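First up is the structure itself, then whatever we jot down about it.
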Amino acid sequence: MVIGYGSGDFGLNLFYTGLNLYLLYYYTDVVGLEPGIAGTIFMTALLWDAVTDPFMGVIASRTRSRFGRYRPYLLFAGPALGASFVLLFAAPVLWASSVTLACFLSHFLFRTVYTVFGVPYASISAAMTTSGKARTSLSGARMQFATMGAIATAFLTPWLAERFGQGDLIRGYMLTAVVYACFAEGVFLLAFFSVRERVETDAKSLSLRDTLKVTRGNHAFWILFAGVVLNALASTVFTKSIVYYARYIIGEPAAVREALTLYTIAAAAAVLAWTALARMTSKSRVLTVGLLLNACALFALYVLAPEDKGLFFLFVILAGIGMAATIVAFWAMLPDTVEYGEWKTGIRDESIFFGLFQFSQKAASGLGVGAVGLILQAIGYVANTDQSSQTLSGLRLMAFLLPAIFALLATLIMQFYPLKGRRHEEIVALLKERESV
-13 MVIGYGSGDF
-3 GLNLFYTGLN
7 LYLLYYYTDV
17 VGLEPGIAGT
27 IFMTALLWDA
37 VTDPFMGVIA
47 SRTRSRFGRY
57 RPYLLFAGPA
67 LGASFVLLFA
77 APVLWASSVT
87 LACFLSHFLF
97 RTVYTVFGVP
107 YASISAAMTT
117 SGKARTSLSG
127 ARMQFATMGA
137 IATAFLTPWL
147 AERFGQGDLI
157 RGYMLTAVVY
167 ACFAEGVFLL
177 AFFSVRERVE
187 TDAKSLSLRD
197 TLKVTRGNHA
207 FWILFAGVVL
217 NALASTVFTK
227 SIVYYARYII
237 GEPAAVREAL
247 TLYTIAAAAA
257 VLAWTALARM
267 TSKSRVLTVG
277 LLLNACALFA
287 LYVLAPEDKG
297 LFFLFVILAG
307 IGMAATIVAF
317 WAMLPDTVEY
327 GEWKTGIRDE
337 SIFFGLFQFS
347 QKAASGLGVG
357 AVGLILQAIG
367 YVANTDQSSQ
377 TLSGLRLMAF
387 LLPAIFALLA
397 TLIMQFYPLK
407 GRRHEEIVAL
417 LKERESV
């Protein structure tokens, strides 16, 4: 069950990593959109995605079927998600007379379908078990498969696009998307047939008043929410920026693929270790260490500003190890806030919190991508030309110092998280006592 559930994230990360690492570059340097326009498309589509997440959470929580509340979406939304991913790269060809509009509409469509699949997929973990250790294992499996998908995407995408395109990168990226969509559907089906919803929850639909009550009273969730926003900003700005840093400062476009592959391999290799450490110590402690490691690696990159690939890759690997800790910890801590909210308010509704959590990630990612596009324009970036010294300085600041500050702020905020040590286990025991009365 753990492996089957986690495998779904391999498919999701073929899409998620493909967008995060290459779509902005595809828009600016392949399709030819202005950086400001490309960043705005990314930002508005992600904000739309973020806004729809809580609503999808409510819809999923009220779904009733023979497959459960969340499983049907794994079955029926998967094919639509793959088709919309292909359309992202095909749109400039299909609507060549209105490329900007085509990119805008196809991006909005993909983000909508991603929400329909992604929120129920994430929410189902809280319905599978109430054990904190079991949830850590589920989170670890998800992140292990996610990083495997990210590695495959980071390494294979440029290579496949060149091979399939034969000089036509638009065609190359489109055919690469087709391959990813077909493979992802296979693992989505595996996840669907592997998981079961075992935790019984109140069948009645929550009123708006109850929804507001359960969310407003859960300050553990809101602290986690703030930490996720800052961490997502750090990750988004960093991964979007190093594509430009590797090409224009290191001077080797191929270094982009190598850096992103090393980043994701480091994260994948570290996931099992961070998962084991979280089970032995605590999830919050692992999160703090990971955030600090990430911040230090990014700050070192800013101070040293390496033009040598070896030194650059070293700190990229350290950043990947730190990021792995944050992913494992955040996703393992999120289901715990569901019980915290139930303990505080007497109401349980995991999907609204998973929807809001997805909202935090996507809103932050949207703002981060929009910021990268606007900063590129502000520092005078012009695609496919030699950049001025002022532009190169701006690239270093954007790629390293800005995300380092975000990671450090996330570290400070998470010190106020209330579910440290064995506190979650105590709350689960109290809830069981309450149910038995």
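With our numbering applied, the sequence shown covers -13 to 423.
Backbone N, C-alpha and C fix where the C-beta goes; we use that ideal spot for every residue, glycine too.
Keep in mind it's a predicted model, so treat the numbers as computed, not measured.
Asked                                                                                                                             : Found
Chain-order list of residues whose beta-carbon lies under 6 Å from that of residue 188 (same chain, five-residue window excluded) : Note that residue 188 scores 49 on pLDDT, short of 50, meaning its location in the model is unreliable; the coordinates nonetheless yield the value given after this. No residues qualify anywhere along the chain.
Cβ contact (3+ pairs, closer than 8 Å) linking the region -9 to 1 and the region 330 to 340                                       : no
Option in 158, 144 and 143 with minimal Cα separation from residue 150                                                            : 158
Neighbour-count burial assignment, residue 403, 16 or more Cβ in a 10 Å radius                                                    : buried
Residue 9 beta carbon less than 8 Å from that of residue 140                                                                      : no
Assigned secondary structure, residue -2 (DSSP; H/G/I helix, E/B strand, else coil)                                               : helix
Buried or exposed by the 16-neighbour rule on C-beta atoms within 10 Å, applied to residue 372                                    : exposed
Span of the alpha helix (DSSP H), counted from its first residue to its last, around residue 386                                  : Run containing residue 386: none; DSSP gives neither H nor E here.
Nearest-angstrom Cα separation, counted from residue 202 out to residue 114                                                       : 25 Å
As assigned by DSSP and simplified to three states, the class of residue 365                                                      : coil
4 or more residues per run - each alpha helix (DSSP H) lying fully within the region 286 to 350                                   : 295 to 331
Among 25, 210 and 279, the one whose alpha carbon lies nearest that of residue 399                                                : 210
Where residue -13 sits in the DSSP three-state scheme                                                                             : coil
Ranges of the alpha helix (DSSP H) found wholly within the region 23 to 97, counting only runs of at least 4                      : 57 to 80
Complete beta strand (DSSP E) runs within the region 96 to 137 (minimum length 3 residues, chain order)                           : none
CA nearest to the CA of residue 506, picked from 15, 298 and 306                                                                  : Outside the modelled stretch of the chain, which goes from -13 to 423, sits residue 506, for which no answer is possible.
Integer Cβ distance of residue 426 from residue 245, believed to fall under 8 Å                                                   : With the chain covering -13 to 423 only, the question about residue 426 has no answer from this structure.
C-alpha distance - residue 276 paired with residue 80, whole-angstrom precision                                                   : 44 Å
Anticipated Cβ contact below 8 Å, residue 1 with residue 231, distance rounded                                                    : That belief does not hold up - the Cβ atoms of residue 1 and residue 231 are roughly 24 Å apart, past 8 Å.
From 206, 31 and -8, residue whose alpha carbon lies closest to that of residue 127                                               : -8
CA-to-CA distance, residue 23 to residue 5, given in whole angstroms                                                              : 16 Å
Cut-off 6 Å between Cβ atoms - residues of its own chain near residue 252, not counting five sequence neighbours on either side   : 303, 306 and 307
For residue 492, the first and last residue of its enclosing alpha helix (DSSP H)                                                 : This structure cannot speak to residue 492, because the chain is shown only from -13 to 423.
Closest by C-alpha distance to residue 98, when choosing among 64, 82, 408 and 350                                                : 64
Cβ contact check for the region 49 to 57 and the region 381 to 391: 3 or more pairs under 8 Å                                     : no
For residue 406, the three-state DSSP class (helix, strand or coil)                                                               : coil
Chain-order list of residues whose beta-carbon lies under 6 Å from that of residue 14 (same chain, five-residue window excluded)  : 21, 24 and 369
Buried or exposed (CB count within 10 angstroms, at least 16 for buried), residue 87                                              : exposed
Alpha carbon of residue 70 to alpha carbon of residue 207, nearest angstrom                                                       : 32 Å
Own chain residues within Cβ distance below 7 Å of residue 257, not counting five before or after                                 : 126, 129, 130, 133, 310 and 314
Simplified DSSP assignment, three categories, for residue 379                                                                     : helix
Assumed close pair residue 234, residue 378 - CB separation to whole angstroms, cut-off 8 Å                                       : 7 Å
Residue 342 versus residue 239: straight-line alpha-carbon distance, rounded                                                      : 37 Å
Of the residues 318, 397, 11 and -11, the one placed nearest residue 147, counting alpha carbons only                             : 11
Reduced DSSP category for residue 426 - H, G, I as helix; E, B as strand; rest coil                                               : With the chain running from -13 to 423 in the structure shown, residue 426 is simply not present.
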